[in-house]
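Remarks on the structure that follows.
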Amino acid sequence: MSGSRNIDYLAGYSAELQQQVTQLIDAGKLPDYLRQRYQGGHGVSNSKSLYQYTLTLKNTHLKKSAPLSKVEYDDRIDVIHNALGLHTHISRVQGNKLRAKKEIRIASLFKQTPEPFLRMIVVHELAHIREKEHNRAFYNLCQYMEPDYHQLELDLRLYLTCLERFGPIY
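Numbering follows the numbering used here, in which position 98 of the sequence shown is assigned residue number 140; successive positions increment by one, without gaps.
Here it is as structure tokens:
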């Protein structure tokens, strides 16, 4: 593939898959493919509802994990950090005790994506509560919380490619 046809979000995938995506892009069919697979929109449009959404997933799958101090949409994530979500662990000494806070920030672009993409990124950030690295245990935990995790990750990468090439589709 030439530089202009490079598909950055799919760099880790097989050449065959990248070729299939390139064909969809060249034919202008990638937006239709995604619209057919995923209906647009969800009701998680502000940080308060995102916190409740995340807490529900956490309480379902990670009951014994440390509580979350904050979950919010962040307009600056994709620009500053080149990421889709962030998890932070902040430890502070208060008197003779160590207090830990866990926060999750999700890129604001997920306000306009289909719900499965939001769920995938929230599951990804929740998995970091237990597993810091992207290792086998991390991905096993992601699949435990979301059995279609790997398919959703691929489709999210397709969505980001589509967004870059064709603009918003929902």
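Virtual Cβ for every residue (Gly too), placed ideally from N, Cα, C.
Item, Value
"Evaluate the contact criterion for the stretch 175-187 versus the stretch 107-126: three or more CB pairs, one atom per stretch, below 8 Å.", "no"
"Under 8 Å between the Cβ atoms of V63 and L92?", "no"
"So A169 and L183 are supposed to be a Cβ contact under 8 Å. How far apart are they, rounded?", "5 Å"
"Distance check for H84 and G70, CA to CA, integer angstroms please.", "26 Å"
"Taking only three categories from DSSP, how would you classify V113?", "strand"
"DSSP on R147, reduced to helix/strand/coil?", "strand"
"Let me check understanding here. Comparing Cα to Cα, which of K153, T102, I163 lies closest to G127?", "I163"
"Apart from the five residues just before and just after Q81, which ones in its own chain have a Cβ nearer than 8 Å to its Cβ?", "P156"
"Would you kindly check if the distance between the Cβ of E188 and the Cβ of L220 is under 8 Å?", "Outside the modelled stretch of the chain, which goes from 43 to 212, sits residue 220, for which no answer is possible."
"Taking the alpha helix (DSSP H) that I163 belongs to, which residues open and close that run?", "157-172"
"Leaving aside the five residues before and after L99 along the sequence, list all residues of the same chain whose C-beta is less than 8 Å from its C-beta, in chain order.", "R161, V164, V165, L168, M187"
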